[in-house]
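Read the structure below first, then the notes.
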Amino acid sequence: MTPDVAPLIYARGLTKRFTDFVAVDGVDFEVARGEAFGFLGPNGAGKSSTMRMIGCVSPVTSGTLRILGMDPAADGARIRARLGVVPQDDTLDLELTVRENLLIYGRYFDLPRRVIRERTEQLLAFANLSERGDDRVEPLSGGMKRRLTIARSLINEPEVLLLDEPTTGLDPQARHVLWDRLYRLKADGVTLVLTTHYMDEAEQLCDRLVVMDKGRIAACGSPRQLIEEHATREVLELRFDRADNAVIAEKLTGLAGRTEVLPDRLLLYTDDGDRALAEVGARGLEPDSVLVRRSTLEDVFLRLTGRTLVD
Amino acid sequence: MSTPLSLRSFSYWAYQYKRTWRSSLTSSFLNPVLFLAAMGVGLGSLVNKNAPSAARLGGVSYLTFLAPGLLAASAMQIAAQEATYPVHGAVKWLRTYHAMLATPLRVVDVLVGHLAWIAVRLLLVASMFTAVMAAFGSVRSWGVLAAIPAAVLTGMAFGAPIAAFAVGRESDSAFAPMFRFLVVPMFLFSGTFFPVSQLPAVLRPVAYVTPLWHGVDLCRSLALGRAGAVRSLLHVAYLLAWVAAGTAAGMRSFRRTLVT
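Line by line, the protein sequences are chains A and B.
Quick note on the numbering used here: the first sequence kicks off at 95 and runs consecutively.
Quick note on the numbering used here: the second sequence kicks off at 740 and runs consecutively.
Right under this line is the structure:
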């Protein structure tokens, strides 16, 4: 293998076992240089455990993991020197200023102060925090702290950026600002590896993703591929205000590839939503509201991981 | 040449000290002033009037007896504080250790860097304390300069094992009882304020086992210029054994807590 085509991250049979449960159960995946790769899954699916193994802070129980061609068990510190990590919970020093947080972090990588100073100005501009450079971190908003964490993770100009649920808990504006920054990084050739349980995030950011469930990989591909393979082209949503959805579902038999009965609506998975809707009318049914939409990753996700609540 | 990894974590602690250095140095100054004034001078004036007492104190004034013992005991107290809440906070509150471990730093660097910082803090406190001793006129020998590193060693004999204990605690609720039932009784009964020979015979062996008694006796004999080589070396060896055992325990507990 030449360095150009060798995957940046390579996992085979990767397993993480804790005393009482298996968090990651023998997963295989590869991440290529410059790719934006996502781990999508409900809580407890094993996403964060996988990320922590890639980040070389959690030892691999069994299986093979290579990052930048190195083994985390032997070369953890050397690998981490070339990674950027955005952990699920911020680890900023709330008492220090924004600039001081970058300085402290840069010193962990042994970057000269001059280099840190130069990069700090660029990173603060990138993170839209130039005005707040000398403010303490504690009173900053959640979105600002998250952007600072991302800026900090870039201080060593990493080849791979690991983002564990980068936008969880942020308001829509803050999420969009963050996505915009991540696009720019991707455009600059930084390899992004992220976990999320937001479908729109995965659809927007990821070239390729795996859907994880109960420690295993349930599906793998580009967002488009996953939708094609695991969902129909369109979904017809029907609401009947005063009727038993289960009874109505009987009357819809054979209309769509798959019909899902929810308490408040019926979902018909079909390749042609309008034709299915015409057929609904032809069968004498008059829904109170109707929506024909394209399938989304969310449909795939719920199909693969179920609708049961995971806590 | 690259900076040693544990020096990089040390420099974090040194950097964040600038947040609190004023109040910290003020208390390192006021603490010995108040104690030496109240106990050494005030209470001492009564003790010194009693000839048999003076003999049991080795023929020196109470202030001169007390000051080097208090130096060792203060080092213990500062070390216990520095090895509890900041260590716990670096796991649970600010999560500083987790931030460090996402970088090239390893668990051993996180531990060694933090312990090294505690040692430097102790050095500052002990130096300040010694300066106050001199101002009170209680210095009898140049040996007091050797009492400064001896006090640092005494503090670390507590700092290392306490940090090992503190890192794995789910909450900070264990620390108050630790101070109440271990640190304070040692402070009071390990020879700081009166010779251990005054304790009931059954309790004396307990005092001899505590690292603090060894630290107090070492600091006192050095400061008074009466240190015997063998006895001092035994003290140093005993204290070093606590530092080593505490650091080894710390390696285990830091790894168990931080690498999951």
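C-beta atoms are modelled at their ideal positions from N, C-alpha and C, and glycine is treated no differently.
Buried versus exposed, by CB contacts within 10 Å (16 or more), Asp183(A):
Along the first sequence, read from residue 1 onward, the residue named residue 183(A) stands at position 89. The residue is exposed, with fewer than 16 neighbouring Cβ atoms inside 10 Å.
Hey, is Ala175(A)'s beta-carbon within less than 8 Å of any beta-carbon in chain B?
Taking the first sequence and counting its residues from 1, one reaches residue 175(A) at position 81. Closer than 8 Å: yes.
Closer than 7 Å, Cβ to any Cβ of chain A: which residues of the region 834-853 of chain B, in chain order?
Arg834, Thr835, His837, Ala838, Met839, Leu840, Ala841, Thr842, Pro843, Leu844, Arg845
If Ala905(B) sits next to Leu961(B), beta carbons under 8 Å apart, how far is it from one beta carbon to the other, in whole angstroms?
One-based indexing of the second sequence puts residue 905(B) at position 166. One-based indexing of the second sequence puts residue 961(B) at position 222. Actually they do not touch by this definition, with Cβ atoms about 30 Å apart.
Using 8 Å as the threshold, is the C-beta distance between Pro181(A) and Ala841(B) below it?
By one-based count along the first sequence, residue 181(A) stands at place 87. By one-based count along the second sequence, residue 841(B) stands at place 102. Going by C-beta atoms, Pro181(A) is nearer than 8 Å to Ala841(B).
Is there at least one Cβ from chain A nearer than 8 Å to Thr999(B)'s Cβ?
Mapped onto the second sequence, residue 999(B) falls at position 260. Yes, its Cβ sits closer than 8 Å to a Cβ of chain A.
Counted within 10 angstroms of its Cβ, other Cβ atoms place Ala983(B) as buried (16 or more) or exposed:
As a position in the second sequence, residue 983(B) is number 244, starting the count at 1. Ala983(B) should be labelled exposed.
Whole-number beta carbon distance between Leu197(A) and Ile210(A), since they are thought to touch under 8 Å
Residue numbering aside, residue 210(A) sits at position 116 when the first sequence is read from its first letter. Residue numbering aside, residue 197(A) sits at position 103 when the first sequence is read from its first letter. 6 Å between Cβ atoms; contact.
Would you tell me roughly how many angstroms separate the C-alpha atoms of Glu1066(B) and Ala822(B), rounded to the nearest one?
This structure leaves residue 1066(B) out entirely; chain B is present only between 740 and 999.
Have a look at the DSSP bridge pairing and note the partners of Phe123(A).
Here the question's residue 123(A) lines up with position 29 in the first sequence. DSSP, once it has assigned bridges, lists Ala105(A) as partnering Phe123(A).
Based on the DSSP secondary-structure assignment, which residues constitute the bridge partners of Leu332(A)?
Translated into positions along the first sequence, residue 332(A) becomes position 238. Looking at the DSSP assignment, Leu332(A) forms a beta bridge with Leu360(A), Val384(A).
I need the boundaries of the beta strand (DSSP E) containing Val304(A), first residue and last residue.
For the purposes of this step, residue 304(A) is taken as residue 210 along the first sequence, with counting starting at 1. Counting along the chain, the beta strand (DSSP E) containing Val304(A) begins and ends at 302-307.
Which whole-angstrom value is the C-beta distance of Arg106(A) and Asp122(A), which I expect to be below 8 Å?
By one-based count along the first sequence, residue 106(A) stands at place 12. By one-based count along the first sequence, residue 122(A) stands at place 28. Confirmed, about 5 Å.
Give the single residue among Pro771(B), Arg747(B), Gly882(B) whose Cα lies nearest to the Cα of Ala968(B).
Looking up residue 968(B) in the second sequence gives position 229. Of Pro771(B), Arg747(B), Gly882(B), the residue nearest in Cα terms is Gly882(B).
Are any of the Cβ atoms in chain B nearer than 8 Å to that of Val151(A)?
Residue 151(A) sits at position 57 when you count from the first residue of the first sequence. Interface residue, yes.
Using C-beta distances below 6 Å, list every residue in its chain close to Ala130(A), excluding the 5 sequence neighbours before and after it, in chain order.
The residue given as residue 130(A) occupies position 36 in the first sequence. Result list for Ala130(A): Lys280, Leu286, Leu299, Cys300, Asp301, in chain order.
Give the straight-line distance between the Cα atoms of Tyr104(A) and Pro843(B), rounded to the nearest whole angstrom.
Against the first sequence, residue 104(A) aligns to sequence position 10. Against the second sequence, residue 843(B) aligns to sequence position 104. Using only the alpha carbons, I get a separation of about 21 Å.
Just verifying my parser: in three-state terms, what is the DSSP assignment at Lys239(A)?
Here residue 239(A) refers to the residue found at position 145 of the first sequence. It is helical.
Who are Thr191(A)'s beta bridge partners in DSSP?
As a working note, residue 191(A) is residue 97 in the first sequence. BP columns for Thr191(A) point to Arg230(A).
Which residue comes first and which comes last in the beta strand (DSSP E) that contains Val941(B)?
One-based indexing of the second sequence puts residue 941(B) at position 202. That residue, Val941(B), is in no beta strand (DSSP E); it is neither H nor E in DSSP.
Counting only Cβ pairs nearer than 7 Å, list the residues of chain A close to Ser741(B).
Counted from its first residue, the second sequence places residue 741(B) at position 2. Neighbours of Ser741(B) on chain A, chain order: Asp204.
In chain A, which residues lie with their C-beta within 9 Å of the C-beta of Tyr754(B)?
As a first step, residue 754(B) is located in the second sequence; it is residue number 15 there, counting from the start. Within chain A, the residues near Tyr754(B) are Leu190, Glu194, Leu197, Ile198, Arg201.
Identify whether Arg377(A) lies in helix, strand or coil by the three-state DSSP scheme.
Within the first sequence, residue 377(A) is the residue found at index 283, counting from 1. Three-state result, Arg377(A): coil.
Tell me which residues share the same chain as Val116(A) and place their Cβ nearer than 6 Å to its Cβ, disregarding the 5 neighbours each side in the sequence.
Residue numbering aside, residue 116(A) sits at position 22 when the first sequence is read from its first letter. Counting only Cβ-Cβ distances below 6 Å, and skipping sequence neighbours, we find Gly309.
Amino acids of chain B, ordered along the chain, whose beta-carbon sits closer than 8 Å to that of Thr185(A):
As a first step, residue 185(A) is located in the first sequence; it is residue number 91 there, counting from the start. Ordered by position in chain B, the residues that pass the 8 Å Cβ test against Thr185(A) are Leu833, Arg834, Thr835, His837, Ala838, Ala841.
Please determine, among Trp981(B), Tyr751(B), Ser741(B), Leu769(B), the residue with the shortest C-alpha to C-alpha distance to Ala874(B).
Start at 1 with the first residue of the second sequence, and residue 874(B) comes out as number 135. Checked all of Trp981(B), Tyr751(B), Ser741(B), Leu769(B); the closest Cα to Ala874(B) is Leu769(B).
Which residues in chain A have a C-beta closer than 7 Å to the C-beta of Ser750(B)? List them in chain order.
For the purposes of this step, residue 750(B) is identified with residue 11 of the second sequence, where counting begins at 1. Under the 7 Å cutoff, chain A gives Arg201.
Please report the distance separating the alpha-carbon of Phe220(A) from that of Leu162(A).
The residue given as residue 220(A) occupies position 126 in the first sequence. The residue given as residue 162(A) occupies position 68 in the first sequence. Distance between the alpha carbons of Phe220(A) and Leu162(A): 26 Å.
Report the residue ranges of all alpha helix (DSSP H) runs contained in full by the region 795-845 of chain B; include only those spanning at least 4 residues, in chain order.
801-821, 824-831, 835-840
Which listed residue (Pro916(B), Leu746(B), Ala812(B), Val799(B)) has its alpha carbon closest to that of Ser732(B)
Outside the modelled stretch of chain B, which goes from 740 to 999, sits residue 732(B), for which no answer is possible.
What are the boundary residues of the beta strand (DSSP E) that Asp114(A) is part of?
Your numbering for residue 114(A) matches position 20 in the first sequence. It is not in any beta strand (DSSP E) - Asp114(A) carries neither H nor E in the DSSP assignment.
Nearest to Val118(A) by alpha carbon, out of Leu134(A), Glu124(A), Pro136(A), Gly140(A)?
Residue numbering aside, residue 118(A) sits at position 24 when the first sequence is read from its first letter. Selected option, being the one with the closest Cα: Gly140(A).
Is it buried or exposed for Gly783(B), if we count other Cβ within 10 angstroms and need 16 for buried?
Residue 783(B) sits at position 44 when you count from the first residue of the second sequence. Classification for Gly783(B): buried.
Any C-beta of chain A under 8 Å from that of Arg959(B)
Position 220 of the second sequence, counting from 1, holds the residue named residue 959(B). Judged by the 8 Å Cβ criterion, Arg959(B) is not in contact with chain A.
Assuming Tyr277(A) contacts Arg747(B) (C-beta within less than 8 Å), just tell me the rounded distance between them.
Taking the first sequence and counting its residues from 1, the one referred to as residue 277(A) is at position 183. Taking the second sequence and counting its residues from 1, the one referred to as residue 747(B) is at position 8. At roughly 33 Å, the Cβ-Cβ gap does not stay under 8 Å, so Tyr277(A) and Arg747(B) are not in contact.
Show which residues of chain B have a CB atom less than 9 Å away from the CB atom of Val154(A).
Counting from one through the first sequence, the residue named residue 154(A) turns up at place 60. Residues of chain B passing the Cβ test: none, with the nearest at roughly 12 Å.
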